[in-house]
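Residue numbers (full-length UniProt numbering): 1 to 260.
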């Protein structure tokens, strides 16, 4: 126990992520659901407004929409999938990127301040959707057995190594990918938000409730560090959206590639 600090302070933990329903009696309608729904509305409005009156000399909104779309198309889809078939996957990758981005950045928006993907179910859902898509397009191109061979039998591997490689490749390419994809996103959003809660709530408690001038000064310093962590967390939120979509695009590219 630190002298001067009351033991009434409860540090933040996983229970702080179990938010009550917004409307009494509607258990499923929580803040993450509301944030996700609002993000979909905002994305549709943004791209509809950006493309509604497209012109050779773009408006600011059109320019912003084209900038976001071109970033996903050129820097993610084309680079990861290839120049032959990437365009058919751009709408999915673009929607996925901005959906994850907005729901991550919601953690730093005043009055919202909660990352949707800090709930593991949301991360699993996004990962499973990508898993279904890249496996489906791979099976459509190679056939079911051809796709299994494509994903589990790397080219150039000696035949005597295949009994070892096939189960390893199957587990890695078919089973583990959605788990690692979702856990990476969830862990970063969960850890970043709980770290921010520790600094903000701890600093606020020491500043206002410790009854100690020295600890009050520490509380101010802690709050300032919380602001720095919030800036770092904003960077991580953007990076995690990018990484998730890049990996999804790479999985699609590897599924439809001729050689594994």
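From the three backbone atoms N, C-alpha and C, an ideal C-beta is built for every residue, glycine too.
In the DSSP assignment, residue 231 falls within the alpha helix (DSSP H) that extends over 213 to 256. DSSP places residue 141 in the uninterrupted alpha helix (DSSP H) bounded by 120 to 142.
Less than 8 Å separates the beta-carbon of residue 65 from that of residue 51. By the neighbour-count criterion, in which a residue is buried when 16 or more other Cβ atoms sit within 10 angstroms of its Cβ, residue 32 is buried. When rounded, the separation of the alpha-carbon atoms in residue 177 and residue 167 is 14 Å. Contact annotation: the stretch 187 to 205 touches the stretch 224 to 238, with at least three C-beta pairs closer than 8 Å.
Restricting attention to 77, 53, 181, the CA atom closest to the CA of residue 125 is found in 181. Beyond the five residues adjoining it in sequence on each side, residue 218 comes within less than 7 Å, by CB distance, of 206 in the same chain, given in chain order. Within the same chain, Cβ atoms closer than 7 Å to the Cβ of residue 137 are found at 252, 255, 256, the five residues on either side in sequence being excluded. With contacts defined as CB atoms closer than 8 Å, residue 248 and residue 61 fail to qualify as a contacting pair.
In the DSSP assignment, residue 31 falls within the unbroken alpha helix (DSSP H) covering 31 to 52.
Beta-carbon to beta-carbon, residue 103 and residue 35 are separated by about 6 Å, close enough to satisfy the 8 Å threshold. Using a 10 angstroms sphere on the CB of residue 110, the tally of other CB atoms stays under 16, which defines it as exposed. Relative to the Cα of residue 169, the nearest Cα in the group 118, 154, 158 belongs to 154. For residue 166, the uninterrupted alpha helix (DSSP H) run begins and ends at 162 to 170, by DSSP. For residue 205, the uninterrupted alpha helix (DSSP H) segment begins and ends at 177 to 209.
With contact defined as three or more Cβ pairs closer than 8 Å, the stretch 238 to 247 and the stretch 80 to 97 are in contact. Counting C-beta atoms within 10 angstroms of its own C-beta, residue 44 has fewer than 16 neighbours from the protein chains shown and is therefore classed as exposed. Excluding its 5 nearest sequence neighbours in each direction, residue 130 has C-beta neighbours in its own chain below 6 Å: 248, listed in chain order.
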